[in-house]
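The structure appears right after this line, and notes come after that.
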Amino acid sequence: MSAPLPLDLGEPALLLTAPVLGFAFGWFLERSGLGHPAKLAAQFYLRDLTVFKVLFSALVTAMLGAFWLGRLGLLDLGRVYVPETFLLPQLAGGVIFGSGFVLAGLCPGTSCVAWASGRWDGLAVMLGMLAGVLGYMLAQPLLQPFADATSRGSVTLPHLLHVPTGLLVAAITAIALGGFALAERIEAKHAGVLEH
Amino acid sequence: MRTLTPRRLAMAAVVLALGALAAGEPRPPGQDLMALAAEIEAERDHVSAPELAQWIRRGEPGLRIFDLRARAEYDELHVAGAEWVTLEGLLRLSLPGDAKVVLYSEGGAHSAQAWLLLRARGVRAVWFLREGMYEWIARVLEPRLPRDPSPAEQAEYDVALPLSRYFGGVPRRDVPRAQVPTGYWTGSETRATTPRVAEAVGRIRRRGC
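Here it is as structure tokens:
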């Protein structure tokens with residue numbers, strides 16, 4: 001369980017939360033216009049910053065929510081899974097992911113959204129993604145030493161920078177709000193966001 | 197309305213972020229210390245030497261054992277697979293999320309302090325050997341059964357016997373009661389002391405183990 005709120009749902013109900021959250025995630029991606037490759041690709045040319053705005057605002061919402069739920073004793077943050085950091089493999093993964101993203105104009109989540117809203121290129125990207133997963137699994141014995149390299153454990157920014165969590169939360173919120181204002185200005189220069 | 201809603205959301209984010217700045221940490225004040233106190237009270241903070249021996253023997257996933265004694269003492273004798281580390285070095289280590297950390301020192305005091313520091317730093321699975329190296333020697337390497345064993349002593353010895361052989365120890369039976377090591381596990385209040393540990397290590401060294 002990754003968010004141990006005081007809810008004792010039992011196994012079947014917990015399994016149900018996954019598709020419910022998945023559909024909600026897809027719905028919000030689609031409603032934000034992120035099922036359209038042109039809109040996503042425009043992000044990389046700084047013409048339409050919807051991706052940045054949607055994902056960074058989701059991040060800030062989750063961060064503020066987790067902080068305050070923890071502070072109010074509703075969420076035991078010590079039991080929230082923090083994925084481990086593997087510096088080089090994750091950097092390499094980021095480069096591969098980014099290249100695929102800009103090439104296809106879709107990422108894994110948005111490719112599903114694109115196909116669900118009737119775009120065949122969404123299906124093509126989904127199949128490409130699955131082929132990539134299969135390829136990685138087949139090559140896994142060869143790649144495992146690299147995948148395990150440069151392990152840094154479960155690091156969080158407050159531990160890494162030795163600053164109080166609240167200070168980081170405030171700083172990241174400020175960066176986000178400043179970024180949103182800047183994004184709106186950049187978009188205004190390019191005569192608004194792309195219609196979908 | 198189109199610009200009003202984002203503006204309101206931004207204001208809410210600013211209020212929550214400023215509150216977070218004032219609050220400092222995302223935990224109710226004192227909650228962590230209370231949780232640690234409850235763990236200590238329930239004696240979930242330590243592992244016994246035979247339990248640790250079984251973990252090592254079955255290759256418990258993620259097990260990391262740290263010896264907090266002086267380097268010379270570690271070089272002389274240490275628990276199988278243990279890594280030598282100073283207290284500061286231990287806190288600088290980056291441990292994977294699934295690590296099972298076991299700490300030991302000469303007695304229990306130093307490793308209990310290390311346990312508290314690691315738990316406070318957020319490492320979840322940490323235990324220490326309550327009587328440290330002395331307990332490892334007395335209960336795993338050199339288990340001794342007195343001539344007139346109680347059922348509890350016999351049961352303890354039966355568990356220790358295969359473990360002792362596995363770790364190259366020397367189990368003994370029919371030992372005069374005065375020579376049977378005592379500790380918290382025998383209900384004795386005696387604690388590991390430097391002379392007792394040094395004497396036990398010296399005995400093992402003389403045997404050439």
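Those sequence lines, one after another, are chains U and H. Here the first sequence stands for residues 1 to 196, where the numbers follow this note's numbering. Here the second sequence stands for residues 197 to 405, where the numbers follow this note's numbering. For each residue, glycine too, the CB sits at the ideal point set by N, CA and C. Just so it is clear, the structure is predicted and the values come from calculations on it, not from any experiment.
Using the Cα positions of leucine 89(U) and leucine 21(U), report the straight-line distance between them to the nearest angstrom.
What sits at residue 89(U) in the sequence shown is proline, not leucine. About 28 Å.
For alanine 423(H) versus tyrosine 270(H), is the C-beta spacing smaller than 9 Å?
Because chain H in this structure spans residues 197 to 405, residue 423(H) falls outside the shown range and cannot be described.
For leucine 212(H), does the three-state DSSP call read helix, strand or coil?
Helix.
Pull up the distance between the alpha-carbon of proline 347(H) and that of isoleucine 236(H), whole angstroms please.
Cα to Cα, the separation comes out at about 29 Å.
For glutamine 43(U), which residues in the same chain have their Cβ closer than 8 Å to its Cβ, ignoring the five residues on either side in sequence?
Taken in chain order, the residues that qualify are Leu49, Thr50, Val51 and Phe52.
Give me the chain U residues within the contact set of leucine 232(H), using Cβ-Cβ distance strictly less than 9 Å, ordered along the chain.
What leucine 232(H) touches in chain U: nothing, since even the nearest Cβ is about 11 Å away.
According to DSSP, is phenylalanine 101(U) part of a helix, a strand, or is it coil?
Phenylalanine 101(U): helix per DSSP, three-state reduction.
Going straight from the alpha carbon of leucine 106(U) to that of proline 224(H), what length do you get?
Leucine 106(U) and proline 224(H): Cα-Cα distance of roughly 41 Å.
Do you know whose CA, among Leu40(U), Phe67(U) and Leu87(U), lies nearest valine 155(U)'s CA?
Taking only the C-alpha atoms, the option nearest valine 155(U) is Leu87(U).
Kindly list, in the order they appear in chain U, the residues whose Cβ is closer than 8 Å to that of valine 292(H).
First, the residue type needs correcting, since residue 292(H) is proline and not valine in the sequence shown. Here the neighbours are Glu84, Ser151, Gly153 and Ser154.
Would you verify that the beta carbon of arginine 71(U) is, or is not, closer than 9 Å to some beta carbon of chain H?
It does: the Cβ of arginine 71(U) has a partner Cβ on chain H nearer than 9 Å.
Write down the C-beta distance between valine 336(H) and leucine 359(H) rounded to the nearest angstrom, noting that I regard them as a contact closer than 8 Å.
Valine 336(H) to leucine 359(H), Cβ: 5 Å. Contact.
So with CB distances below 9 Å, who are the chain H contacts of alanine 66(U)?
Pro222, listed in chain order.
Express the C-alpha separation of leucine 264(H) and alanine 300(H) in angstroms, rounding to a whole number.
This sequence places tyrosine at residue 300(H); alanine is not what is there. Whole-angstrom Cα-Cα distance: 6 Å.
Can you list, in chain order, the residues of its chain whose CB lies under 8 Å from that of phenylalanine 180(U), leaving out five sequence neighbours each side?
Correct list, in chain order: Lys53, Phe56 and Ser57.
Determine contact between the region 21-30 of chain U and the region 106-118 of chain U, defined as no fewer than three beta-carbon pairs at a distance below 8 Å.
Counting Cβ pairs under 8 Å, three or more are found: they touch.
Mind checking the region 156-171 of chain U against chain H and listing, in chain order, the residues whose C-beta falls within less than 8 Å of any C-beta there?
Residues passing the 8 Å Cβ filter: His159, Pro164, Thr165, Gly166, Leu167, Val169 and Ala170.
Taking Cβ positions only, does leucine 205(H) come closer than 9 Å to chain U?
Chain U, which has a Cβ nearer than 9 Å to the Cβ of leucine 205(H), makes this yes.
Which runs of the alpha helix (DSSP H) at least 4 residues long sit entirely within the region 268-323 of chain H? Give them in chain order.
Segments of the alpha helix (DSSP H) lying fully in the region 268-323 of chain H: 283-288 and 305-316.
Between which two residues does the alpha helix (DSSP H) holding arginine 185(U) run?
Arginine 185(U) -> alpha helix (DSSP H) spans 165-189.
Beta strand (DSSP E) containing proline 342(H): first to last residue?
Proline 342(H) -> beta strand (DSSP E) spans 340-342.
Report yes or no: is there a C-beta of chain H within less than 9 Å of the C-beta of serine 201(U)?
Since the first and last residues shown for chain U are 1 and 196, residue 201(U) lies out of range.
Express the C-alpha separation of alanine 149(U) and methionine 329(H) in angstroms, rounding to a whole number.
The alpha-carbon atoms of methionine 329(H) and alanine 149(U) are separated by roughly 33 Å.
What is the residue span of the beta strand (DSSP E) that serine 151(U) lies within?
Here the beta strand (DSSP E) through serine 151(U) covers 151-153.
May I ask you to report which of helix, strand or coil DSSP gives threonine 61(U)?
Of the three classes helix, strand and coil, the one that applies to threonine 61(U) here is helix, per DSSP.
Does the Cβ-Cβ distance between alanine 316(H) and alanine 295(H) come in under 9 Å?
Cβ distance not < 9 Å, so alanine 316(H) and alanine 295(H) don't count as in contact.
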